[in-house]
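Chemist:
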Amino acid sequence: MPMLDVKNIHKSFETTEVLKGISFSMEKEETKVIIGTSGTGKSTLLRCLNQLDPPDEGEVWLDGEELTNPSIDINRIRQKIGFVFQDFNLFNHLTALRNVSIGLEKVKQLNKEKARERAMDELKRVGLEKQINQYPAQLSGGQKQRVGIARALAMDPDIILFDEPTSALDPELIGDVLDVMKSLYGKVAMLIVTHEMGFARNVADEIIFMEGGVIVEKGPPKQMFQSPTKQRTKEFLGRIATLYGAE
Amino acid sequence: MATSMFFEFLLDSLPKLLDGLQVTFLLTIVAILAGFLIGVTLALGRIYGNKIISGICIGFIEVIRGTPLLVQLFIIYFGLASIGLVFSPIQAALFGLSLNSSAYQAEYLRGSIQAIPSGQMVAARTLGMTKIQSIGTIVLPQALRISIPAWSNELIYLFKYTSIAYLIQVRELTAEGQIIASRNFRYVEIYLIIALIYLIFTFIISEIVDRAEKRFHVPGLGVPKRASWLRNT
Amino acid sequence: MRGLAVTIELTLLSMLCASTLAIMMAFGRSYGKQPLPFIALIYEKIFRGIPLIVIFILVYFGLAQIGILIDAFSAAIIGLALHSTAYQIQIYRSAINSIPEGQVIAAQSLGMSKLQAIRYILLPQMLRLSIPGWSNEFTIILKDTSIAIAIGVVELMRQGRYVIVREPSVALYILLVVALIYFIFVFTINRGLSYLEKRYHISGLEITKAR
Ligand SMILES: Nc1ncnc2c1ncn2[C@@H]1O[C@H](COP(=O)(O)OP(=O)(O)OP(=O)(O)O)[C@@H](O)[C@H]1O
Ligand SMILES: [Mg+2]
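Chains as they are written, first to last, in my numbering: chain F, 240 to 486; chain E, 299 to 531; chain L, 294 to 504.
Structure (structure tokens):
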């Protein structure tokens, strides 16, 4: 049984159907990358997974539990699904350390000291031991995003969802964040929406190409980049290569 | 039965209330206009005046804003009378409300003037305008437009606060209510009617001012997101 | 100096009531389900449209008419609180609205409930952001307490009047002293709270400042 099983997800906003039946699954500690043009519903899909936007139809299963079941305690489940945002969404009134520890204290009910230690470890892991007492406004974009990742990691999630984690960053800061993500490979499952093709190619176990609310094609990076079976995939990868200058 | 009695009562008291409402309007209009003229002077004095003028303007503005309107009215009505300067209630109210409003209006205007990039003043001066010309033709027109939302708050605020004049025996709306109620002790009915009158007119005034605001809108001349949440202080 | 004490009590108590009520209504308006936002909106419109003095009279006599007899002091607190709440809702609301919604979503994605997100993420930021508007309102309430004279509360202002009635020739001096007292208080509150504002300031956490 796969760790995460997504079955036939549909989601509409008012009259437009954004997701038209998405299915895929992920194993423990697997890394998958979702690519696709803007407005295809990638963000919507991620939000459907942790029920920030409950899907209209379809099922999401994590560790044998159905998250789409309305009677489930969703706050308990969300602890197991980390989320890293494009625009960080750090808590502006809290230091980097407190940003990471607040979930441990208030949701996981750890005592202050334990939460602090754990948060410290996570910030070290993302290379921010020097910035622990700074407020978000005093951090660079890359540092903010690494706090965001540490915040997600601290909750011991089974899987972390990344929604274009580097899109809001200056080019020279992207590397730091991608390095941190690379270092997580094989330690926690990651589902990553990104336009960083180089990263996708080197790190992903599988690449999922979405367009128009459906999955057009998926497969290992090698196959997707060298011999995609669908014409659309070829076109998209060709275009993105010129756009982002990937190999 | 009860309703018809209420309407009879309403019809009985309405003429008196309308008399009072007229006085309320008189106070509001005079105070907002006189307050505007004095306010502009104070704002300009505060920003562009030399140390002494600026100091006087700041002092005046801060004292007015630091004390209750009621105290100001009492000083003018009772206080000055005690040293031989006697005003009628209505004179005292007009005087007090105008001075009070001028201090607040001066502060809005100052905010607006300071929101205008200083480069505009420089640009005007490089065209050969004098300082006074630049202020009059470049800075003030923009500042006044920017002040409209704050100014509309002030108008509604004044309309409501003229009611305080009742406490120095001015026979405006609230006072007329008191006179009627003290005869028949129907405080609640009469003051519900009065509350409704105030509500209706604050609503009408804010509608009118909203329209005016749209009318005088200049593209790009943004109202700095000021003070929709700041009450007049 | 009894009057002074009454003025301070009036100010503090009505500020306390109004802030509590307004914070709840502000959250109701921004994050509540209908009809909460609607009720808060109507409340705001009504109590911003009626002069304080009329509210005082309605509370004082109105409650009496339906059988609830309260003293003028309590009526003044209720009136001041009802009135100020209508203005304070806006203060808290603009503070709440200036906090990016993403932070609430981030909190939820950590597994916090909506109430936890409000309590630990929104509320602390909102309170800091509200300090300038709040201090502003504080001084307004202080000044507005003088209007309680209308329903016979013996506060600073009325105390002043008593003296004037006994000794009309010194009216001006008495009133100037009263004015001075108010001025000192307003000044102190403003100073004190702008100190508080600096003290609890967090870089990057501010409403685009109005002035
Ligand atoms: N809350 C919402 N209400 C209405 N429409 C929405 C909402 N969220 C997303 N949409 C619409 O759904 C579509 C998919 O949006 P989504 O953000 O999922 O795309 P995306 O693939 O993440 O694009 P991008 O690469 O730009 O982030 C868009 O057309 C968007 O306008
Ligand atoms: Mg997106």
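Just so it is clear, CB atoms sit at the ideal spot from N, CA and C, and this is done for glycine as well.
Three or more C-beta pairs under 8 Å: does that hold for the segment 325-336 of chain L against the segment 344-354 of chain L?
Modeler: Taking 8 Å as the limit for Cβ pairs, the verdict is that the segment 344-354 of chain L does not touch the segment 325-336 of chain L.
Chemist: What are the complete alpha helix (DSSP H) segments, minimum 4 residues, inside the segment 403-429 of chain E?
Modeler: 416-424
Chemist: With hydrogens ignored, establish whether the beta-carbon of F:Val257 is closer than 7 Å to any heavy atom of ligand 1.
Modeler: yes
Chemist: Buried or exposed for E:Glu474, please, with buried defined as at least 16 other CB atoms from any protein chain shown within 10 angstroms of its CB.
Modeler: buried
Chemist: Determine, for L:Ile343, whether the minimum Cβ-Cβ distance to residues of chain E falls below 8 Å.
Modeler: yes
Chemist: Touching or not, the segment 322-330 of chain F and the segment 247-262 of chain F, by the rule of three or more beta carbon pairs under 8 Å?
Modeler: Flag = no, the segment 322-330 of chain F and the segment 247-262 of chain F do not touch.
Chemist: Residues of the segment 369-382 of chain E in Cβ contact with chain L at a cutoff of 8 Å, in chain order, please.
Modeler: Val369, Gln370, Phe372, Ile373, Phe376, Gly377, Leu378, Ala379, Ser380, Ile381
Chemist: If you measure from the CB of F:Asp402, is any heavy atom of ligand 2 nearer than 7 Å?
Modeler: yes
Chemist: Kindly list, in the order they appear in chain L, the residues whose Cβ is closer than 8 Å to that of F:Met394.
Modeler: Leu403, Gly404
Chemist: Do the segment 440-457 of chain E and the segment 302-314 of chain L make contact, defined as three or more Cβ pairs closer than 8 Å?
Modeler: no
Chemist: Look up F:Glu253 in the DSSP assignment and say whether it is helix, strand or coil.
Modeler: coil
Chemist: E:Asn530: buried (16+ other C-beta within 10 angstroms of its C-beta) or exposed?
Modeler: Note that E:Asn530 scores 40 on pLDDT, short of 50, meaning its location in the model is unreliable; the coordinates nonetheless yield the value given after this. Buried, because 16 or more other Cβ atoms sit within 10 Å of the Cβ of E:Asn530.
Chemist: Please state whether DSSP places E:Glu470 in a helix, a strand or coil.
Modeler: When secondary structure is reduced to three states using DSSP, E:Glu470 falls in the coil class, being assigned neither helix nor strand.
Chemist: What would DSSP say about F:Gly297, mapped onto helix, strand or coil?
Modeler: strand
Chemist: For the segment 337-362 of chain L, enumerate the residues whose C-beta is nearer than 9 Å to any C-beta of chain E, in chain order.
Modeler: Lys338, Ile339, Arg341, Gly342, Ile343, Pro344, Leu345, Ile346, Val347, Ile348, Ile350, Leu351, Tyr353, Phe354, Gly355, Ala357, Gln358, Ile359
Chemist: Using only CA atoms, which one of F:Thr433, F:Met463, F:Glu474 lies nearest to F:Lys281?
Modeler: F:Thr433
Chemist: To the nearest angstrom, how far is it from the Cα of E:Trp527 to the Cα of F:Arg478?
Modeler: Residue placement at E:Trp527 cannot be trusted, given a pLDDT of 38 that sits under 50; what the coordinates show is reported in the next sentence. Rounded to whole angstroms, E:Trp527 to F:Arg478 spans 49 Å at the Cα level.
Chemist: Can you check DSSP and say which residues form a bridge with F:Ala428?
Modeler: F:Ile398
Chemist: Less than 7 Å separating the Cβ of F:Lys204 from some heavy atom of ligand 2?
Modeler: Residue 204 of chain F lies beyond the stretch modelled for chain F, which goes from 240 to 486, so this question has no answer here.
Chemist: Using only the alpha-carbon positions, how far apart do F:Lys469 and F:Phe448 sit?
Modeler: 10 Å
Chemist: With 7 Å as the C-beta to C-beta threshold (strictly closer), list the residues of the segment 472-496 of chain L near chain E in chain order.
Modeler: Ala472, Tyr475, Phe476, Val479, Phe480
Chemist: Looking at F:Ile398: is its Cβ nearer than 8 Å to the Cβ of F:Met420?
Modeler: Going by C-beta atoms, F:Ile398 is not nearer than 8 Å to F:Met420.
Chemist: For the alpha helix (DSSP H) that contains E:Ile359, what are its first and last residues?
Modeler: 349-364
Chemist: Could you tell me how far apart the beta carbons of F:Gly458 and F:Ile446 are, in whole angstroms, since I believe they sit closer than 8 Å?
Modeler: 7 Å
Chemist: Would you tell me roughly how many angstroms separate the C-alpha atoms of F:Ala335 and F:Pro375, rounded to the nearest one?
Modeler: Cα to Cα, the separation comes out at about 7 Å.
Chemist: Beta carbons nearer than 7 Å to chain L: which residues of the segment 410-437 of chain E have them?
Modeler: The residues in question: there are none.
Chemist: Are L:Glu430 and L:Ser377 closer than 8 Å when you measure CB to CB?
Modeler: Cβ distance < 8 Å, so L:Glu430 and L:Ser377 count as in contact.
Chemist: Nearest-angstrom Cα distance between E:Ala379 and E:Ser480?
Modeler: Cα-Cα distance, rounded: 28 Å.
Chemist: Comparing the C-beta of F:Val346 with each C-beta of chain L, is any distance below 8 Å?
Modeler: yes
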